[in-house]
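Input: a single structure, listed below in structure tokens.
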Amino acid sequence: MADTLLTLSYSDLLFMVETLIPERTDKERLVELIKDDEGFVEAMLRDEDLFDRVMGDEEILVKISPRLFFAVLLERIRRDLEKETYTVERRNLQRIAVFDSDRVVDLLSRKQIRDYLAEMLASFTRIESFTLPVRVRKGIWRKYRFNDFNVDSLIRYCQAVDEDHRFRFYKRIADVCLFLAGMFPEHIEAQYRYPLSGKIRPRVMGQSRRSIEDYEEEGRAFYELAAEHEAARIQKLDGVLSTLSQNFTLAEKPLAFMSDHYLWFHKHELFGF
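Numbering (my numbering), first residue to last: 129 to 401.
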């Protein structure tokens, strides 16, 4: 696997060329020339004209892939946060200013982190469901239905497979925790507390109640489990996953900024959530 994590399709690259170099008549040939030029593609992702077109087109996801959409947004957010002195955290139904924007910018300045987050966000635009036969006791099996957006489902599925096959579930559980804590903290709070009193809701049989802190704790733990798995080393993801485990709350901040400043009115439709 190459050092870069982000994979842009031919049509994505052609869209970028058509947007930024419209005068060229040999656009297809130019795509062939730049597709392996990481520095050139990165410079294009940072271009304001590309950002303006991506955000100004209501049907943009018909024209480009979700991974390009989020890669452009993350580049913009990194530049936005360079101008900020603090970020905002949601805690106990309150918004708290935290003076850590420089640390968030440093995290986002790492290309592999940006690429991983873009791929992760893109994966949440499509949710998969599946069934798995699970042995409940000797000679008795039951089929359980899972979806890859539900932490409890993923943990049950993970426990039902051998360690050799757990990497994708460790990683997905951590991704869900990061995604929800960063992009949908208001959903977590609504599920965990009564909105007016702020009191914690009682636990329902078979349904876990998780606070943002619970998601953060589980996210750190599962990113670390994923980082330590042999599959992570084979895919050259161990460093990225370990970094996310150690900097989980910092990694939430670009997602929260994206939600608050760019996706607030569209995120439920975008993610089907």
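Glycine residues also receive a C-beta, built at the ideal position from the N, C-alpha and C atoms.
Can you tell me whether residue i is helix, strand or coil according to DSSP?
i	result
Ser-370	helix
Arg-377	The sequence as given places Thr at residue 377; Arg does not occur at that position. Reduced to three states, the DSSP call for Thr-377 is helix.
Thr-213	coil
Arg-157	helix
Ala-130	Residue placement at Ala-130 cannot be trusted, given a pLDDT of 38 that sits under 50; what the coordinates show is reported in the next sentence. Coil.
Gln-363	coil
Ile-205	helix
Ile-283	helix
Ile-268	strand
Arg-219	strand
Ala-288	coil
Arg-294	coil
His-357	coil
In terms of DSSP beta bridges, what is residue i paired with?
i	result
Thr-259	Arg-273
Between which two residues does the alpha helix (DSSP H) containing residue i stretch?
i	result
Val-232	229-236
Val-226	Looking at the DSSP string, Val-226 is not in any alpha helix (DSSP H); the run it does join, the beta strand (DSSP E), is 222-226.
Glu-151	Looking at the DSSP string, Glu-151 is not in any alpha helix (DSSP H), and its letter there is neither H nor E.
Leu-428	A question about residue 428 goes unanswered here, because the residues of the chain that appear run from 129 up to 401.
Leu-136	From DSSP, Leu-136 is part of no alpha helix (DSSP H); its letter is neither H nor E.
Arg-254	Careful: Arg-254 lies outside any alpha helix (DSSP H) and carries neither H nor E.
With a 10 Å radius around its C-beta and 16 neighbouring C-beta atoms as the bar for buried, classify residue i as buried or exposed.
i	result
Ile-192	buried
Glu-346	buried
Val-190	exposed
His-357	buried
Lys-299	buried
Thr-215	buried
Arg-204	buried
Ala-130	Per-residue confidence for Ala-130 stands at a pLDDT of 38, beneath the threshold of 50, marking its modelled position as unreliable; the derived number appears in the next sentence. Flag for Ala-130 reads exposed.
Lys-327	exposed
Lys-381	buried
Val-233	buried
Ala-225	exposed
Thr-135	exposed
Ser-257	exposed
Gly-310	buried
Thr-132	The predicted position of Thr-132 is uncertain, since its pLDDT is 44 and thus under 50; a value taken from the coordinates is nonetheless stated next. Per the 10 Å Cβ criterion, exposed.
Ser-229	buried
Asp-276	buried
Arg-151	The residue you asked about is not Arg; residue 151 is Glu in the sequence shown. By the neighbour-count rule (16 or more Cβ atoms within 10 Å), Glu-151 is not buried but exposed.
Below 8 Å, is the gap between the Cβ of residue i and the nearest heavy atom of the ligand SAM?
i	result
Asn-375	Of ligands this structure carries none, so the ligand SAM is not represented either.
Q: Report the residue ranges of all alpha helix (DSSP H) runs contained in full by the region 302-353; include only those spanning at least 4 residues, in chain order.
A: Correct list: 313-320.
Q: Would you list, in sequence order, the uninterrupted alpha helix (DSSP H) runs of no fewer than 4 residues that lie entirely inside the region 163-202?
A: The qualifying runs are 166-173, 176-184 and 188-191.
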